[in-house]
Structure formats: structure tokens, C-alpha cells
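S.K.: Pasting in a structure now, in C-alpha cells, and then I'll have a few things to ask.
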Amino acid sequence: MYLSELEEIIAYVACIAIVIGFIVSTYLEIKNTVAEEKQKQLEKTENEEKIKTLIHYFNAKKKLIDSVVALIKNTPKSNPESTKKET
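In the numbering used here, the protein residues as written are 991 to 1077.
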């Protein structure tokens, strides 16, 4: 039940093809995984920049609101009766 020389060559070629296929598929999966991780890192960086911009925007808005509140507090309230002309 030994294989003939031709059958052995065919078996070796099939084994080599299977191993090469496994190596190629593993390489492609690793390449895709690395590309996905790079994309996630890029999205994370973009999101961090957007968050920094929003924080800057909200801080500016808070300062504006605080200055309006301070201005309203410092403005003397006018008495409606004192503004009427005496007739």
C-alpha cells in the first residue's frame, strides 16, 4: 500500500498548496486587522480633536454667559416710578 512516485509528488504538492493557502489567509487576516486598528486609532484621534473643539466652544460660551450675568448684576435696576416725569 505504498504510494507510487507520482502519487507522492501529487500529495506533496497538495500539502504545500494547503500550507501556502493557510499562510496567505493568515497574512491577509493580519493585514486587515492592522488596517482596522489603524482606522480605529484615526477615528479616536479625530474624535478627540472634535471633543477638544467642543470643550473650547463651551468654555467660551460659559465665559460669555458669565459676563452677561455679571453685567446684569452690576447694572442698577431702574425704578419705574422714578423714571416717570412728575406732572
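Ideal Cβ positions, reconstructed from N, Cα and C, are used throughout, including at glycine.
Mapping the DSSP letters down to three states, classify residue 1043 as helix, strand or coil.
M.R.: Taking the first residue of the sequence shown as position 1, residue 1043 is located at position 53. Residue 1043: helix per DSSP, three-state reduction.
S.K.: Is residue 1051 helix, strand or coil by DSSP?
M.R.: If you number the sequence shown from 1, residue 1051 lands on position 61. In the structure shown, residue 1051 sits in a helix (DSSP, three-state: H, G or I).
S.K.: I need the straight-line Cα distance from residue 1029 to residue 1044, nearest angstrom please.
M.R.: Residue 1029 sits at position 39 when you count from the first residue of the sequence shown. Residue 1044 sits at position 54 when you count from the first residue of the sequence shown. Approximately 22 Å between the Cα atoms of the pair.
S.K.: Expressed to the nearest angstrom, what Euclidean distance is found between the alpha-carbon atoms of residue 1012 and residue 1018?
M.R.: Position 22 of the sequence shown, counting from 1, holds the residue named residue 1012. Position 28 of the sequence shown, counting from 1, holds the residue named residue 1018. Their backbone Cα atoms lie some 10 Å apart in a straight line.
S.K.: To the nearest angstrom, how far is the alpha carbon of residue 1033 from that of residue 1046?
M.R.: Within the sequence shown, residue 1033 is the residue found at index 43, counting from 1. Within the sequence shown, residue 1046 is the residue found at index 56, counting from 1. Each residue's Cα considered, the two are about 20 Å apart.
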